[in-house]
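Chemist: Have a look at this one before I ask anything.
Number of protein chains: 2
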Amino acid sequence: MVTMQDVAKAAGVSTMTVSNVLNHYPHVRDETRDRVLRAIDDLGYRVNVAARNLRAGRTNTIGFAVPEVDRPYFGQLASRIIARASAAGYRVVIEQTGADRENELSAIVSSRNRMYDALILSAVGLGTADRELLRVDFPMVILGETVFEGPVDHIALPNVEGTFAATRHLIARGSRRIAIVEGNDSLPPNVSSLRHGGYIRALRESGVEFDPALSIGIPELTLAGGRSAAERLVDSGTAFDGIVCITDTVALGVMRGLADRGVRVPEDVRVIGFDAIEEGEYSIPRLSTVDPDHDEVAALAVDLVLRRIAGDTEWQPREFVSSFRVVARESTA
Amino acid sequence: MVTMQDVAKAAGVSTMTVSNVLNHYPHVRDETRDRVLRAIDDLGYRVNVAARNLRAGRTNTIGFAVPEVDRPYFGQLASRIIARASAAGYRVVIEQTGADRENELSAIVSSRNRMYDALILSAVGLGTADRELLRVDFPMVILGETVFEGPVDHIALPNVEGTFAATRHLIARGSRRIAIVEGNDSLPPNVSSLRHGGYIRALRESGVEFDPALSIGIPELTLAGGRSAAERLVDSGTAFDGIVCITDTVALGVMRGLADRGVRVPEDVRVIGFDAIEEGEYSIPRLSTVDPDHDEVAALAVDLVLRRIAGDTEWQPREFVSSFRVVARESTA
DNA sequence: TTCGGACTCTTTATCGATACAGTCAGGTGT
DNA sequence: ACACCTGACTGTATCGATAAAGAGTCCGAA
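First to last, the protein sequences are chains A and B. Using my numbering, you'd call the opening residue of the first sequence number 10 and step up by one each time. Using my numbering, you'd call the opening residue of the second sequence number 10 and step up by one each time.
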């Protein structure tokens with residue numbers, strides 16, 4: 010492999026001068042700089058990032074841990090985060106956790122190993138009980154899901170308020186028997202329990218009765234999960250005319266399941282999701298949803314960790330909540 | 010920061026013994042191992058990956074360069090690749106190239122910088138002309154798109170054959186005026202030109218006339234692109250009863266555009282896509298498609314680079330073509 | 001008794017880049 | 001004429017881990 014030494018020898022300078030040229034140190038004579046650059050070119054030299062990382066104590070890499078990249082919500086978030094980070098000269102490593110607590114912790118460990126300068130963690134499996142494990146000595150931002158009040162920055166989605174608004178939207182459109190399709194896995198507080206809370210509050214404030222038979226839990230927030238929830242709901246015989254879905258992906262699955270059972274959306278049942286993934290704009294019918302402003306979330310997450318990397322030590326851990334708006338489309342027309 | 014030296018001192022051994030414990034070197038006395046482990050625990054020591062990478066000359070990281078992670082096709086491919094690579098102890102860094110030639114080249118440069126032990130590149134912007142730039146000294150696999158015959162391993166999708174089969178499928182179901190929605194950006198050979206070839210051949214072999222007015226080019230293979238293509242097609246007034254779409258994502262957009270114009274699928278027009286993304290199983294109507302066996306592609310890609318990393322120097326660059334099958338669903342019923 | 005070998009641990013050199021201190025020539029100010 | 005500074009470099013130690021080689025110890029077989 011071609012090293013800096015080789016370049017230095019070829020250019021007749023010290024390795025330090027090569028390093029200075031590469032790092033745009035100003036006090037290098039033009040003639041020397043040219044000679045070094047020519048040698049670099051001739052030999053096809055490339056810096057060895059591992060060596061630079063070791064010496065500099067930084068990796069210029071941000072970790073982003075998500076349950077699954079192939080879920081549109083996370084894919085679209087990842088895309089935004091990558092775009093913003095790479096504009097600032099940072100690479101992004103995506104770790105897939107499968108929403109598993111152990112894997113989420115192992116992403117944190119990776120960062121402790123100095124693999125990443127910072128970690129953005131979309132935590133699902135971690136609970137309030139793990140709060141102490143989050144007391145880390147590198148910049149970290151927790152995204153979205155569970156509430157923490159922990160020792161790190163946390164960007165929350167408007168879970169309660171968003172679902173509250175979504176449920177109110179269905180009520181305003183005329184639905185009275187409103188079901189909710191949500192996750193059933195971990196201990197509260199989590200996304201499902203929070204959004205459930207918003208749903209219940211909206212029903213109560215509108216004087217609509219809550220029927221436990223209309224609450225459907227699914228193990229995974231996927232298309233398949235949504236479809237089977239819809240089938241169970243229809244097959245149960247319980248009457249319903251609206252469904253609040255915990256995510257858009259689930260909602261798309263729900264609409265498919267309703268279609269399979271001959272239930273029309275929105276004529277028989279109104280459906281609303283949460284997340285505003287792009288697919289919802291193109292589904293048939295188009296999906297109404299809660300749009301939590303992902304651009305804001307991604308930008309804030311990246312900016313927060315970059316500021317901490319830059320050495321903003323004054324920073325106190327804070328809790329942010331993204332703004333949102335209800336997007337009314339065909340599925341609740 | 011706690012280093013190996015600190016642990017060694019605390020445990021009263023040399024750093025090499027600490028290293029041996031960490032790397033499961035068998036010939037360490039139990040008592041010594043325990044002492045070291047206790048010291049590691051007490052001090053909260055973590056290996057420094059940068060140092061290990063430098064010394065070992067490996068990073069245990071594979072780069073995966075894709076146009077966009079948020080396109081379902083790439084997200085689902087990435088997920089499979091990550092899963093398989095991490096089973097072998099490798100991390101995956103995703104680089105987003107935006108299908109841009111410069112960015113694809115810069116992914117190659119990153120690997121030259123020894124950031125990745127290998128690179129899996131979903132090349133779209135690179136063309137046959139860039140063949141020489143692919144002559145690299147690290148394991149690399151090119152995925153999917155353009156044909157190369159270059160100096161690296163290449164896993165191609167069954168572009169011609171798959172589209173041929175898709176078109177024949179439409180013909181078998183009764184379509185005769187078959188449109189194609191494809192990309193219009195770069196120079197052939199590329200995905201679009203190859204798939205176009207399969208389409209033309211199927212028409213010819215079936216004695217169906219090709220009408221250039223039924224060939225719609227779009228700048229980006231997105232949902233929005235598909236929708237606008239469908240609108241243009243309907244608005245042009247040309248009669249058609251089938252559409253071959255270059256990807257499933259485009260097909261979903263096309264179906265939305267047709268619905269907006271009051272055209273029914275499959276009653277008025279049959280639609281088939283390519284890729285077998287999960288969303289197509291849940292769309293309304295369900296999308297028929299060409300399924301190129303992504304599991305096979307992902308597994309092959311990872312296994313190829315791992316074998317090369319492991320030092321299989323005998324390896325000759327090869328061209329693979331994934332197997333495929335036509336999945337008939339509601340959109341061509 | 002002696003020798004080879006398996007264990008258990010240590011010493012030393014090294015991966016490639018960079019921080020830091022230092023050298024040296026040539027100018028500036030007084 | 002002397003101290004002092006600046007620009008343009010160089011030499012060396014160092015980041016933290018590991019490969020390779022070596023040095024004792026202990027045991028069983030010849």
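Think of the CB as a built atom: it goes at the ideal place given N, C-alpha and C, for glycine as much as any other residue. Note that the structure is a prediction, hence the values are computed from the model and not measured.
Between the beta-carbon of residue 227 of chain A and the beta-carbon of residue 191 of chain A, is there less than 9 Å?
Modeler: In this structure, residue 191 of chain A lies closer than 9 Å to residue 227 of chain A by Cβ.
Chemist: When you compare the CB positions of residue 10 of chain B and residue 57 of chain B, do they come within less than 9 Å of one another, or not?
Modeler: Yes, Cβ-Cβ distance for residue 10 of chain B and residue 57 of chain B is below 9 Å.
Chemist: Please classify residue 330 of chain A: does DSSP put it in a helix, a strand, or coil?
Modeler: Residue 330 of chain A: strand per DSSP, three-state reduction.
Chemist: Closer than 8 Å is the cut-off here; do at least three beta carbon pairs connect the segment 40 to 55 of chain B with the segment 13 to 25 of chain B?
Modeler: Yes, the segment 40 to 55 of chain B is in contact with the segment 13 to 25 of chain B.
Chemist: Identify whether residue 26 of chain B lies in helix, strand or coil by the three-state DSSP scheme.
Modeler: If DSSP states are grouped into helix, strand and coil, residue 26 of chain B belongs with the helices.
Chemist: Which word fits residue 181 of chain B, buried or exposed, when buried means at least 16 other C-beta atoms lie within 10 angstroms of its C-beta?
Modeler: It is exposed - the Cβ of residue 181 of chain B has fewer than 16 other Cβ atoms within 10 Å.
Chemist: Quick check on DSSP: helix, strand or coil for residue 230 of chain A?
Modeler: In this structure, residue 230 of chain A counts as coil in the three-state DSSP scheme.
Chemist: Is the segment 299 to 306 of chain A touching the segment 161 to 178 of chain A, taking contact as three or more C-beta pairs under 8 Å?
Modeler: Because the criterion of three Cβ pairs below 8 Å is met, the segment 299 to 306 of chain A and the segment 161 to 178 of chain A touch.
Chemist: Could you work out which residues of chain B lie near residue 262 of chain A, taking near to mean beta carbons separated by less than 8 Å?
Modeler: Correct list: 291.
Chemist: Between A:78, A:101, A:21, A:258, which has its C-alpha nearest residue 291 of chain A's C-alpha?
Modeler: Selected option, being the one with the closest Cα: A:258.
Chemist: Using a Cβ cut-off of 8 Å, pull out every chain B residue sitting near residue 139 of chain A, in sequence order please.
Modeler: Going along chain B, no residue has its Cβ under 8 Å from residue 139 of chain A, so there is no contact; the nearest lies around 17 Å.
Chemist: Going along the chain, which residues of its own chain have a beta-carbon closer than 8 Å to the beta-carbon of residue 338 of chain A, five neighbours each way excluded?
Modeler: 289, 290, 294, 295, 296, 297, 298.
Chemist: Distance check for residue 41 of chain A and residue 20 of chain A, CA to CA, integer angstroms please.
Modeler: Going by the C-alpha atoms only, they are around 8 Å apart.
Chemist: What residue range does the alpha helix (DSSP H) around residue 13 of chain B cover?
Modeler: Note, residue 13 of chain B: alpha helix (DSSP H), 13 to 20.
Chemist: Based on the DSSP output, what are the partners of residue 149 of chain A in its beta bridges?
Modeler: Answer by DSSP bridge pairing, in chain order: A:128.
Chemist: Please determine if the segment 60 to 77 of chain A and the segment 116 to 133 of chain A are in contact, where contact requires at least 3 C-beta pairs separated by less than 8 Å.
Modeler: Yes: at least three Cβ pairs fall under 8 Å.
Chemist: What is the residue span of the beta strand (DSSP E) that residue 189 of chain B lies within?
Modeler: Segment 187 to 192, the beta strand (DSSP E) holding residue 189 of chain B.
Chemist: Buried or exposed: which applies to residue 208 of chain A, given that a residue is buried once 16 or more other Cβ atoms fall within 10 Å of its Cβ?
Modeler: Buried is the call here.
Chemist: Considering only C-alpha positions, which residue in the set B:319, B:282, B:222 is nearest to residue 334 of chain B?
Modeler: Comparing Cα positions, the closest option is B:282.
Chemist: For residue 112 of chain A, which residues of its own chain have a beta-carbon under 7 Å away from its beta-carbon, when the five flanking residues on both sides are left out?
Modeler: Counting only Cβ-Cβ distances below 7 Å, and skipping sequence neighbours, we find 106.
Chemist: Which residues in chain A have a C-beta closer than 7 Å to the C-beta of residue 88 of chain B? List them in chain order.
Modeler: Those are 77, 78, 79, 105, listed as they occur along chain A.
Chemist: Hey, would you say residue 305 of chain B sits closer than 9 Å to residue 332 of chain B, going by beta carbons?
Modeler: Yes, the Cβ-Cβ distance between residue 305 of chain B and residue 332 of chain B is below 9 Å.
Chemist: Against chain A, with Cβ distances strictly below 9 Å, would residue 144 of chain B count as a contact?
Modeler: Not an interface residue.
Chemist: Which residue comes first and which comes last in the beta strand (DSSP E) that contains residue 36 of chain B?
Modeler: Taken as a continuous stretch (DSSP letters only), residue 36 of chain B belongs to no beta strand (DSSP E), as it is neither H nor E.
Chemist: For residue 100 of chain A, does the three-state DSSP call read helix, strand or coil?
Modeler: If DSSP states are grouped into helix, strand and coil, residue 100 of chain A belongs with the strands.
Chemist: Three or more C-beta pairs closer than 8 Å, one from the segment 313 to 329 of chain B and one from the segment 159 to 167 of chain B: is that the case here?
Modeler: The segment 313 to 329 of chain B vs the segment 159 to 167 of chain B: in contact.
Chemist: Assign residue 85 of chain B to one of three DSSP states: helix, strand, or coil.
Modeler: Note: residue 85 of chain B maps to helix in three-state DSSP.
Chemist: If the cut is a Cβ gap below 7 Å, which residues of chain B does residue 21 of chain A touch?
Modeler: Going along chain B, no residue has its Cβ under 7 Å from residue 21 of chain A, so there is no contact; the nearest lies around 25 Å.
Chemist: Can you tell me where the alpha helix (DSSP H) with residue 209 of chain B in it begins and where it stops?
Modeler: Counting along the chain, the alpha helix (DSSP H) containing residue 209 of chain B begins and ends at 200 to 214.
Chemist: Residues in the same chain with beta-carbon distance under 8 Å from residue 83 of chain A, minus the five sequence neighbours each way, listed in chain order, please.
Modeler: 75, 76, 77, 131.
Chemist: Whose Cβ in chain A lies nearer than 8 Å to the Cβ of residue 122 of chain B?
Modeler: Here the neighbours are 55, 56, 57, 58.
Chemist: Could you tell me the boundaries of the alpha helix (DSSP H) in which residue 266 of chain B lies?
Modeler: It spans 257 to 269 - the alpha helix (DSSP H) in which residue 266 of chain B sits, taken as one unbroken run.
Chemist: Does the segment 29 to 47 of chain A come close enough to the segment 260 to 277 of chain A that 3 or more CB-CB pairs lie under 8 Å?
Modeler: No, the segment 260 to 277 of chain A is not in contact with the segment 29 to 47 of chain A.
Chemist: Quick check: does the Cβ of residue 128 of chain A come within less than 8 Å of any heavy atom belonging to the ligand MG?
Modeler: Judged by which ligands are present, the structure shown has none, so any question about the ligand MG falls away.
Chemist: Taking 9 Å as the threshold (beta carbon to beta carbon), is residue 13 of chain B in contact with chain A?
Modeler: No, residue 13 of chain B does not count as interfacial toward chain A.
Chemist: Would you check if the distance between the CB atom of residue 189 of chain B and the CB atom of residue 210 of chain B is smaller than 9 Å?
Modeler: The answer is no: Cβ separation not under 9 Å.
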